[in-house]
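Novice: After the structure tokens below, expect a handful of questions from me.
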Amino acid sequence: MSKRRITQETFDAVVRENMEEFEMDPDEALREAVEQFESQGVDLSCIVQVVPMGSSDDSQEEQTHEVLQALESLRVGKDTAALPDVTADIKCFTEQCSLGFARRYLAAQKGAYPIILSYCKKNMEEQDSALAALSALAALTDGQPDLLDEEGRQFLLDVLQKYQVDSLVTCAAICVVRHCCIKHEQNRQDLVKGGVLPLLTGAITRHSGSAELVKEASSALRVMTFDDDIRVTFGHAHEHAKSIVLEHSGLKILIEAAKAHLSNTSVLSELCATLSRLAVRNEFCQDICDLGGLKFVMTLLADSYESPELVRQVLSAIRAIAGNDDVKDAVVNAGGVDLIVIAMNRHTSNPA
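Numbering (my numbering), first residue to last: 1485 to 1836.
Printed below as a string of structure tokens:
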């Protein structure tokens, strides 16, 4: 049975009532409101469970949440102020959205997306301003891919094209792309049709020394191969994986990128996870082997027993590549079975 839902205004009104009518202190009033609604089977996952803030001379009705205060300042300055004039507000907005889904959901419900997108487009020519605005857009769209519209998709493609040599702006834009493609098949298809795949693979090649960008771009490529949108009967996950491999040399690019970050387990884990998603055809598995990918992941497994997450992703990659019978033989001949057993014994308490 689906849970009941309430609005943020309803929740805040109950907290305010607890403070005014029952003379509870703010923490007690908040705690009482949460317990009351949860006992009634209300879903509070999209509710900001914080006492609204305001200046000392604000009435209770005028007090609101910090994310909305920042949003209102941005709304007021949208048509007049340049980004440097609202830097504090946009940073505050970004920080608030990063604190949890409920805050960014509330911001979206109050019209944050078109406001933030307008700042992004308005400040596209200046690197620092573009980075700040994109960071706000990335924070807002996390878990809310439905916010992205045609205007936003074209803006992201334009930014990735314009700032190809700037790793920071590129990374921020790719983060927005990734957020907007998780559990959203239409966004994936539209961005792929718009040419996002060569921009992602090109970013990895161009900025192979940037661990953060390589990880972000690799993750975005992997998301393009997901089939996680329950609203769509059939997705293009397989077609996207084929395109990444055949048209954009994805396997070679990822394997070469991994060799540049041998000491970074986080990047290596992401690259192995993406390789696993691309091994969708028999010949792709063989290509990974021929490009030195199998030898690389086997060496990685032997050298990385102490990192459970990396071991898990390496084993996942080996499993995917071994979909090819010839690669199965190569794994066995390279001592892979022994390495896998050792890894299992080393992490017997880790169910993953």
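We put the beta carbon where it would ideally sit given N, CA and C, even for glycine.
Go ahead and label residue 1613 buried or exposed: buried means 16 or more other beta carbons lie within 10 angstroms of its beta carbon, across all protein chains shown.
Specialist: It counts as buried.
Novice: Taking 8 Å as the cut-off, decide whether the C-beta atoms of residue 1698 and residue 1688 are in contact.
Specialist: A contact, by the Cβ cut-off of 8 Å.
Novice: By the 10 Å Cβ neighbour count, where 16 or more other Cβ atoms means buried, how is residue 1832 classified, buried or exposed?
Specialist: It is exposed - the Cβ of residue 1832 has fewer than 16 other Cβ atoms within 10 Å.
Novice: Can you give the Cα-Cα distance for residue 1491 and residue 1500, rounded to whole angstroms?
Specialist: Whole-angstrom Cα-Cα distance: 14 Å.
Novice: Please return the same chain residues whose Cβ sits closer than 7 Å to the Cβ of residue 1629, not counting the five positions on each side in sequence.
Specialist: Around residue 1629: 1663, 1664, 1665, 1666, 1667, 1668, 1671.
Novice: Using CA coordinates, which residue listed in 1532, 1527, 1487, 1525 is at the minimum distance from residue 1497?
Specialist: It is 1532.
Novice: Check residue 1708 in the structure and name its three-state DSSP category.
Specialist: In this structure, residue 1708 counts as coil in the three-state DSSP scheme.
Novice: Residue 1498 by DSSP, collapsed to three states: which one?
Specialist: Helix at residue 1498.
Novice: Would you say residue 1673 lies against chain B (beta-carbon separation less than 8 Å)?
Specialist: Given the protein chain composition of this structure (a single chain), no chain B is represented.
Novice: Taking residue 1722 as part of the alpha helix (DSSP H), name the residues at either end of that continuous run.
Specialist: From DSSP, the alpha helix (DSSP H) with residue 1722 extends over 1721-1730.
Novice: Leaving aside the five residues before and after residue 1830 along the sequence, list all residues of the same chain whose C-beta is less than 6 Å from its C-beta, in chain order.
Specialist: These residues qualify, in order along the chain: 1789.
Novice: Check residue 1504 in the structure and name its three-state DSSP category.
Specialist: Helix, per DSSP.
Novice: With residue 1795 as the anchor, note down where its alpha helix (DSSP H) starts and where it stops.
Specialist: Its alpha helix (DSSP H) spans residues 1792-1805.
Novice: Does the pairing of the region 1708-1727 with the region 1615-1624 give three or more beta-carbon distances under 8 Å?
Specialist: The region 1708-1727 vs the region 1615-1624: no contact.
Novice: Since residue 1428 sits in a beta bridge, which residues does DSSP pair it with?
Specialist: The requested residue 1428 does not occur in the structure, where the chain is confined to residues 1485 to 1836.
Novice: For residue 1510, which residues of its own chain have a beta-carbon under 6 Å away from its beta-carbon, when the five flanking residues on both sides are left out?
Specialist: Excluding positions up to five away in sequence, the list reads 1535.
Novice: Does DSSP classify residue 1717 as helix, strand or coil?
Specialist: It is coil, neither helix nor strand.
Novice: Please name the residue in 1519, 1801, 1618, 1528 whose C-alpha comes closest to that of residue 1493.
Specialist: Considering only alpha carbons, the answer is 1528.
Novice: Hey, quick one: how far does the alpha helix (DSSP H) through residue 1603 stretch, first residue to last?
Specialist: Note, residue 1603: alpha helix (DSSP H), 1596-1606.
Novice: What residue does the alpha helix (DSSP H) around residue 1633 start on, and which one ends it?
Specialist: Segment: none, residue 1633 is in no alpha helix (DSSP H) and carries neither H nor E.
Novice: Helix, strand or coil: how does DSSP classify residue 1526 here?
Specialist: Reduced to three states, the DSSP call for residue 1526 is strand.
Novice: If you draw a straight line from the C-alpha of residue 1722 to the C-alpha of residue 1762, how long is it?
Specialist: Cα to Cα, the separation comes out at about 9 Å.
Novice: Where do the ends of the alpha helix (DSSP H) carrying residue 1487 lie?
Specialist: No alpha helix (DSSP H) holds residue 1487; DSSP gives it neither H nor E.
Novice: Round the Cβ separation of residue 1745 and residue 1695 to the nearest angstrom and send it over; I've been treating them as touching at under 8 Å.
Specialist: Residue 1745 to residue 1695, Cβ: 6 Å. Contact.
Novice: Among 1519, 1518, 1525, which residue has its Cα nearest to the Cα of residue 1489?
Specialist: The shortest C-alpha separation from residue 1489 is found at 1525.
Novice: By the three-class DSSP mapping on this structure, what secondary structure does residue 1832 have?
Specialist: If DSSP states are grouped into helix, strand and coil, residue 1832 belongs with coil.
Novice: Going straight from the alpha carbon of residue 1586 to that of residue 1552, what length do you get?
Specialist: Their Cα atoms are separated by approximately 12 Å.
Novice: Can you find the residues in the same chain that come closer than 8 Å, C-beta to C-beta, to residue 1837, ignoring five residues on each side of it along the sequence?
Specialist: Residue 1837 lies beyond the range of the chain shown here (1485 to 1836); nothing can be said about it.
Novice: Within the continuous alpha helix (DSSP H) that includes residue 1766, where are the two ends?
Specialist: Counting along the chain, the alpha helix (DSSP H) containing residue 1766 begins and ends at 1766-1774.
Novice: With burial defined as no fewer than 16 other Cβ atoms inside 10 Å of the residue's Cβ, what is the status of residue 1798: buried or exposed?
Specialist: The residue in question, residue 1798, is buried, as its Cβ has 16 or more Cβ neighbours within 10 Å.
Novice: Any idea what DSSP makes of residue 1564, helix, strand or coil?
Specialist: Here residue 1564 sits in coil by DSSP.
Novice: Is the beta carbon of residue 1569 within less than 7 Å of some heavy atom of the ligand FAD?
Specialist: Among the components modelled here there is no ligand, and therefore nothing to report on the ligand FAD.
Novice: Let's see if you can read the secondary structure: which residues bound the alpha helix (DSSP H) around residue 1589?
Specialist: 1585-1593 is the extent of the alpha helix (DSSP H) around residue 1589.
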